[in-house]
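Colleague: The structure under discussion is supplied below as structure tokens; questions concerning it will follow.
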Amino acid sequence: MTEAILLERERGLLTLRLNRPDKKNALTRAMYSRLAEALQEADSDPAINAVLITGSAECFTAGNDIADFIQQPPSDLDSPVFHFMRNLLECRKPVVAAVAGAAVGIGTTLLLHCDLVYVARDARLRMPFANLGLCPEFASSLILPRLLGQARASELLLLGEGFSGEQAAAWGLASAALGSGEAALAKAREMALRFDEMPSEAVRISKQLMRAPDRALIRQVIEEEGALFTQRLRSPEALAALSGFIKRH
Ligand code: COA
């Protein structure tokens, strides 16, 4: 069976590549566990200076696997998705993301916790949590209104409006928007490899300083959202919306 998460090592860069093309890289519990483990390994391996999270030049990820959401929903903060996101948040090394094509749900949320984000101009980002009977996750209800203002954040989180890579860069959600998926992936790799030439301790301390002021609040919001999200997954609203997706496919 092909690995749904490919790990690639290039000098001091570890790339985590989502590789489930037939399902638009939708993330399963097993994939979250592998990602969580890889992030932990990268964090403790002194030879790794940066992590790159990416999909293909056509698709980043369609978000959480919807069948998994119905059959094996995360039930508490010990579930694989929480391990993955906790390790992303706590990673002391710089994490770079490269996004092309669709980045839905957690595919967009996780970008809020990466240090550098390169997107294709025509990438399609969306957080349709409320549309699916769910609610925001992993501190997006805190971070997005702060970054974008209440009105624009409400379009994204209450209406579930989609937006392009170009908009993401203009709003400060991404570092830069590139002309194609290939260009976004190449730029992200180039920038991530730059950390190999940098004084790694200084980079780590700088990241820690940038993250420290909000860390406690972000952890607290993640717990509050997580409790509601796991409840919402069992709600009639969510079950109707999620099984609607399954029936259409
Ligand atoms: N979970 C499980 N399977 C998914 C999936 C998901 N989140 N997203 C896509 N897939 C599967 C489809 O079921 C389909 O599988 P099939 O060929 O066996 O029927 C395959 O991936 C291709 O999806 P399709 O919708 O035909 O591709 P598209 O290019 O037309 O659209 C998306 C791509 C990502 C825009 C669309 O698939 C989508 O909206 N997915 C759901 C996103 C979502 O709501 N995620 C959860 C957020 S909380």
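Numbered according to the numbering used here, the sequence shown spans residues -16 to 232. C-beta: ideal position from N, C-alpha, C; glycine also.
1) Is any heavy atom in ligand 1 found nearer than 8 Å to the beta carbon of residue 12?
2) Output needed for residue 15: all residues of its chain with C-beta closer than 6 Å, excluding positions within five of it in sequence on either side, in chain order.
3) Going by DSSP in three states, residue 86 sits in which element: helix, strand or coil?
4) Is residue 117 close to ligand 1? I mean its beta-carbon at under 8 Å from any heavy atom of the ligand.
5) By Cβ distance below 6 Å, which residues in the same chain neighbour residue 2 in space, the five residues on each side in sequence not counted?
6) Assuming residue 36 is part of the beta strand (DSSP E), what are its boundary residues?
7) Can you list, in chain order, the residues of its chain whose CB lies under 8 Å from that of residue 204, leaving out five sequence neighbours each side?
8) Name the residue from 160, 129, 157 whose alpha carbon lies nearest to the alpha carbon of residue 197.
9) Within the structure, which residues are defined as neighbours of ligand 1 by a Cβ-heavy atom distance below 7 Å, reported in chain order?
10) Would you report the Cα separation of residue 76 and residue 11, rounded to the nearest angstrom?
11) Could you check which residue in 151, 44, 95 has the C-alpha nearest to that of residue 84?
12) What's the gap between the Cα of residue 143 and the Cα of residue 116?
13) So the candidates are 26, 46, 35, 92; which of them puts its Cα closest to the Cα of residue 4?
14) Given this structure, state the Cα-to-Cα distance separating residue 160 from residue 110, to the nearest angstrom.
Modeller: Looking at the atomic coordinates:
1) Here residue 12 refers to the residue found at position 29 when the sequence shown is read from its first residue. Checking every heavy atom of ligand 1 against the Cβ of residue 12, none is found closer than 8 Å.
2) For the purposes of this step, residue 15 is taken as residue 32 along the sequence shown, with counting starting at 1. Correct list, in chain order: 63, 64, 67.
3) Along the sequence shown, read from residue 1 onward, the residue named residue 86 stands at position 103. The answer is strand: DSSP assigns residue 86 an E or B state.
4) On the sequence shown, position 134 is the one that residue 117 refers to. Yes - ligand 1 has a heavy atom lying nearer than 8 Å to the Cβ of residue 117.
5) Residue numbering aside, residue 2 sits at position 19 when the sequence shown is read from its first letter. Excluding residues within five positions, the ones whose Cβ falls inside 6 Å are -13, -11.
6) Indexing the sequence shown from 1 puts residue 36 at position 53. First-last of the beta strand (DSSP E) with residue 36: 33 to 37.
7) Position 221 of the sequence shown, counted from the first residue, corresponds to residue 204. Closer than 8 Å at Cβ, skipping near neighbours: 122, 124, 125.
8) For the purposes of this step, residue 197 is taken as residue 214 along the sequence shown, with counting starting at 1. That would be 129, whose Cα lies nearest to the Cα of residue 197.
9) Working through the chain, the matches are 5, 6, 7, 9, 45, 46, 47, 48, 49, 50, 85, 87, 88, 89, 107, 111, 112, 115, 117, 228, 232.
10) Working through the sequence shown from its first residue, we reach residue 76 at position 93. Working through the sequence shown from its first residue, we reach residue 11 at position 28. Looking at the two C-alpha atoms, the distance is approximately 25 Å.
11) Stepping through the sequence shown from its first residue, residue 84 is reached at position 101. Residue 44 holds the alpha-carbon nearest to the alpha-carbon of residue 84 among 151, 44, 95.
12) Numbered from 1 along the sequence shown, position 160 holds the residue referred to as residue 143. Numbered from 1 along the sequence shown, position 133 holds the residue referred to as residue 116. One C-alpha to the other measures close to 11 Å.
13) Your numbering for residue 4 matches position 21 in the sequence shown. Nearest neighbour of residue 4 by Cα position, chosen from 26, 46, 35, 92, turns out to be 46.
14) Along the sequence shown, one-based indexing puts residue 160 at 177. Along the sequence shown, one-based indexing puts residue 110 at 127. Near 19 Å, if we compare the C-alpha coordinates of residue 110 and residue 160.
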